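Visitor: Protein sequence lines correspond, in order, to chains A and B. One gets the working numbering by counting positions in the first sequence from 1 and adding 3 to each. One gets the working numbering by counting positions in the second sequence from 1 and adding 12 to each. Just so you know, even glycine gets a beta-carbon here, dropped at the ideal spot from N, CA and C. Predicted, not measured: the structure shown is a model, and the values here were computed from it.
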Amino acid sequence: MSTAPASSRPISFAFLVQIVLIANSFIMLYPVVVMIFSAFKSTAEIFEHPFAIPNFTQVQNFARVLGETSMPTYFMNSIVVTGTSIVLIIVLGTMAGYAIARYESRTNTFILLFFLAGLMLPLKLAVIPLFILLRDLSLLDSRWSLIVTYTAIGLPSAVFIMAGFLRSLPAELEDAARIDGASEPRIMWSVMLPLALPPMAIAAIQNAVPIWNDFFFPLVFIQTDAYKTLPQGLTTFMGEYTTDWGMLFAGLTIAAAPITLLYIALSRQFIQGMTAGAVK
Amino acid sequence: MANVSIREIRKSFGPVSIIKGVDVDIADGEFVILVGPSGCGKSTLLRMIAGLEDVTSGEIRIGDRLINDVPPKNRDIAMVFQSYALYPHMTVADNMAFSLKLKGAPKAEQQKRVGDAAASLGLTDLLDRYPRQLSGGQRQRVAMGRAIVRDPQVFLFDEPLSNLDAKLRVAMRAEIKELHQRLKTTTVYVTHDQIEAMTMADKIVVMHDGIVEQVGAPLELYDRPRNRFVAGFIGSPAMNFIDGTLSDAGLALPSGAVLALHHQPPAANGSKLTYGIRPEHLQLAPAGTPGTIPAVVAVIEPTGLDTTLIVKAEGGSLTVVLRERVTLRPGDAIALRPVPEQSHLFDEHGTRIATL
Chain A
4 MSTAPASSRP ISFAFLVQIV LIANSFIMLY PVVVMIFSAF KSTAEIFEHP
54 FAIPNFTQVQ NFARVLGETS MPTYFMNSIV VTGTSIVLII VLGTMAGYAI
104 ARYESRTNTF ILLFFLAGLM LPLKLAVIPL FILLRDLSLL DSRWSLIVTY
154 TAIGLPSAVF IMAGFLRSLP AELEDAARID GASEPRIMWS VMLPLALPPM
204 AIAAIQNAVP IWNDFFFPLV FIQTDAYKTL PQGLTTFMGE YTTDWGMLFA
254 GLTIAAAPIT LLYIALSRQF IQGMTAGAVK
Chain B
13 MANVSIREIR KSFGPVSIIK GVDVDIADGE FVILVGPSGC GKSTLLRMIA
63 GLEDVTSGEI RIGDRLINDV PPKNRDIAMV FQSYALYPHM TVADNMAFSL
113 KLKGAPKAEQ QKRVGDAAAS LGLTDLLDRY PRQLSGGQRQ RVAMGRAIVR
163 DPQVFLFDEP LSNLDAKLRV AMRAEIKELH QRLKTTTVYV THDQIEAMTM
213 ADKIVVMHDG IVEQVGAPLE LYDRPRNRFV AGFIGSPAMN FIDGTLSDAG
263 LALPSGAVLA LHHQPPAANG SKLTYGIRPE HLQLAPAGTP GTIPAVVAVI
313 EPTGLDTTLI VKAEGGSLTV VLRERVTLRP GDAIALRPVP EQSHLFDEHG
363 TRIATL
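#1: Can we say the stretch 99-118 of chain B touches the stretch 143-162 of chain B, given the rule of at least three CB pairs closer than 8 angstroms?
#2: Does A/Pro57 have its Cβ less than 9 angstroms from a Cβ in chain B?
#3: Which ranges does the beta strand (DSSP E) cover as unbroken runs of at least 3 residues, wholly within the stretch 211-291 of chain B, from first to last along the chain?
#4: Give me the subset of the stretch 181-208 of chain A whose CB atoms are less than 9 angstroms from a CB atom of chain B, sorted by chain position.
#5: Does B/Met102 come out as helix, strand or coil in the three-state DSSP assignment?
#6: Is the beta carbon of A/Phe29 sitting closer than 9 angstroms to the one on A/Gly100?
#7: What are the residues that DSSP puts in a beta bridge with A/Thr60?
#8: Classify B/Pro33 as helix, strand or coil using the three-state DSSP reduction.
#9: What residue range is occupied by the uninterrupted beta strand (DSSP E) comprising B/Gln295?
#10: Taking B/Arg337 as the reference, which of B/Leu317, B/Gly327, B/Asp344, B/Thr331 has the closest Cα?
#11: If we cut at 9 angstroms on Cβ distances, does A/Pro234 have a partner in chain B?
#12: Does the structure place the stretch 173-193 of chain B close enough to the stretch 26-35 of chain B that three or more beta carbon pairs sit under 8 angstroms?
#13: Nearest by alpha-carbon distance to B/Glu190: which of B/Asp177, B/Thr68, B/Asp214, B/Thr56 is it?
#14: Sort out for me which residues DSSP pairs B/Phe169 with in a bridge.
#15: For the structure I just gave you, are there three or more beta carbon pairs, one from the stretch 128-148 of chain A and one from the stretch 221-235 of chain A, closer than 8 angstroms?
#16: Check B/Arg141 in the structure and name its three-state DSSP category.
#17: If the cut-off is 8 angstroms on Cβ atoms, which residues from the stretch 157-181 of chain A count as contacting chain B, listed in chain order?
#18: Does DSSP put B/Ala366 in a helix, in a strand, or in coil?
#19: If we cut at 9 angstroms on Cβ distances, does B/Ala130 have a partner in chain A?
#20: Can you find the residues in the same chain that come closer than 7 angstroms, C-beta to C-beta, to A/Ala179, ignoring five residues on each side of it along the sequence?
#21: Beta carbon of B/Pro164, beta carbon of B/Asp88: below 9 angstroms?
#22: Name the DSSP bridge partner or partners of B/Glu71?
#23: Figure out for me which residue from B/Gly256, B/Pro237, B/Ile72, B/Asp260 has the closest Cα to the Cα of B/Val36.
#24: Please state whether DSSP places B/Ser111 in a helix, a strand or coil.
#25: Please go through the stretch 127-206 of chain A and give each complete alpha helix (DSSP H) segment of 4 or more residues, from N-terminal end onward.
#26: Would you mind stating whether B/Leu271 and B/Gly262 have Cβ atoms separated by less than 9 angstroms?
#27: What are the start and end residues of the alpha helix (DSSP H) that includes B/Leu331?
#28: Hey, is B/Ile89's beta-carbon within less than 9 angstroms of any beta-carbon in chain A?
#29: Is there contact here, the stretch 197-214 of chain A with the stretch 163-176 of chain A, by at least three beta-carbon pairs under 8 angstroms?
#30: So what's A/His52 in DSSP terms, helix, strand or just coil?
#31: Could you check which residue in A/Ile262, A/Ala174, A/Ala161 has the C-alpha nearest to that of A/Phe78?
#32: Just reading off the beta strand (DSSP E) that B/His361 is part of, what are its end residues?
#33: Using a threshold of 9 angstroms, state whether the C-beta atoms of A/Leu91 and A/Ile156 are closer than that.
#34: By Cβ distance, which residues of its chain are closer than 7 angstroms to B/Ser174, with the 5 residues on each side in sequence left out?
#35: Using DSSP with H/G/I as helix, E/B as strand and the rest coil, what is A/Phe43?
#36: Closest Cβ-Cβ distance between B/Tyr201 and chain A: below 9 angstroms?
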């Protein structure tokens, strides 16, 4: 047998994979492109030529969204709520994961299982007790109501990801650092954490996207316009009788931008983390 | 540089006793190898010298200093691990400089010492690379470089060659030995490979089940093993053992053959003894020769340098290594004549009582 069939098959397979991936990218990007195009059109233009390439100098939708609405406030609220939640999730999740993974203790398994139980429980089901709890803590109708809720939701997966990864790091690395003269905090900071960036990026991204997009908890907890986040704020653009679609799409484009940029920035780490250990 | 003295060291994990009272003296500049089968406690002992495991009881001293409760970084030691344990996110230079950086050494001194160590190990061109871009042998060298830059009193090696392929292992063996001859730093090296121990050590410590079986120079252990365990562990292929009974005529073997003994061993007639002889100390003789061990050839393994025979004899199999090439075939009946003064007798406790 010649080697020709063996070598041509992977090529055609790779070709098929490329086609599927290109088709997938098209399907994924299409709504995004339509959203961005529509943001540069008036409502009339959107209904007349929905797919036409717009005149990109027509930025009055953006100007109106930023100038005439509370959009900048919503945007800042979203940044503050998502940012603080992610920082808390990563810092607390990494510390908990580090302790569970690297220090021997009888309670480790129990603590890990306790966090894992949090993964099984959809917190939306507990929205009424949560509402009562936040009311009793006088946190209702504030950004903190969202931050503490999101942190609680995000911690289990972060602890799970971080503990799983940190456990896979060889103990000899720690020993080597200890002999080299590093203190315990120094070992965590200089040796373990730099290696843990990929799983941190995973934990950050996979928590940041749902938090940024969340509509449910702000709807339940927030009444004051000044504390509303983007998804909730954007609904105010939908009028009872008429909707300015151009403005809405401009708002959506602005809302989608940060998380898209974050994803692009972290995608290298994200992919590295997803495939870590796959190839040695 | 310093000597290391280990006195009555014990280590238990809960009720399980891993090291049961070990005494070892390591002289200044000596290359000592701890060898033994897995689970014998050799790595635990090394980690106790390093300070990575607590000492249950006993004393460890480096120089005159009792170091039982001194943290690893203050023991003035450097360690090379089996997995090398290089920091994956740091370049070779940063890996080697890490300990100096933690100590707060000036940048210029860091660079000089890393540069010197890299030059001596042939790593100068690799200083900007990351560990993942290096081959196994290069990583091994970086791990040694990281130890050298610290200029410690004692080097500790924990099975450093186990992850390398056979050829590279032989090359690195020579390199480590050469390094020791150049630096003359006291070295404690752990391995389960007795060839490594034989070829590299000034002194070998054979451990088994948490105790020291014998301490001595490589050939001393080879020629005069204190007991059956050391006799069987040191040497490859391993020593042959045959159970026999002492009588007036000599040692009666299971086949009925009687081996004449050149002098009387310190044991009573009728005692059950174990006869031990190394594969290279058995010679071929025509079948039926008196005073030999009758055998049937089972397997012939020519290596070019020598020929290894596996033969069926005395209810088991024996290994014979011959320097010459042979025309034997499997199934041939032969006789084996022991070389005088090269066989050992062990009593029922396994202790060597005579060599004849």
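Guide: Judging by the given coordinates:
#1: yes
#2: no
#3: 215-220, 223-228, 252-259, 262-264, 284-289
#4: Arg181, Ile182, Asp183, Gly184, Ala185, Ser186, Arg189, Ser193, Val194, Pro197, Leu198, Leu200
#5: coil
#6: no
#7: A/Thr60 is not bridged to any residue.
#8: The sequence given here has Gly at residue 33 of chain B, not Pro. B/Gly33: strand per DSSP, three-state reduction.
#9: 294-297
#10: B/Leu317
#11: no
#12: no
#13: B/Asp214
#14: B/Val92, B/Tyr201
#15: yes
#16: coil
#17: Pro173, Glu175, Leu176, Asp178, Ala179, Ala180, Arg181
#18: strand
#19: no
#20: none
#21: yes
#22: B/Arg19
#23: B/Ile72
#24: helix
#25: 130-139, 146-171, 174-183
#26: yes
#27: The question names Leu, but residue 331 of chain B is Thr in the sequence shown. Where B/Thr331 is concerned, there is no enclosing alpha helix (DSSP H), although the beta strand (DSSP E) it sits in stretches over 328-334.
#28: yes
#29: yes
#30: coil
#31: A/Ile262
#32: That residue, B/His361, is in no beta strand (DSSP E); it is neither H nor E in DSSP.
#33: no
#34: Gln94
#35: coil
#36: no
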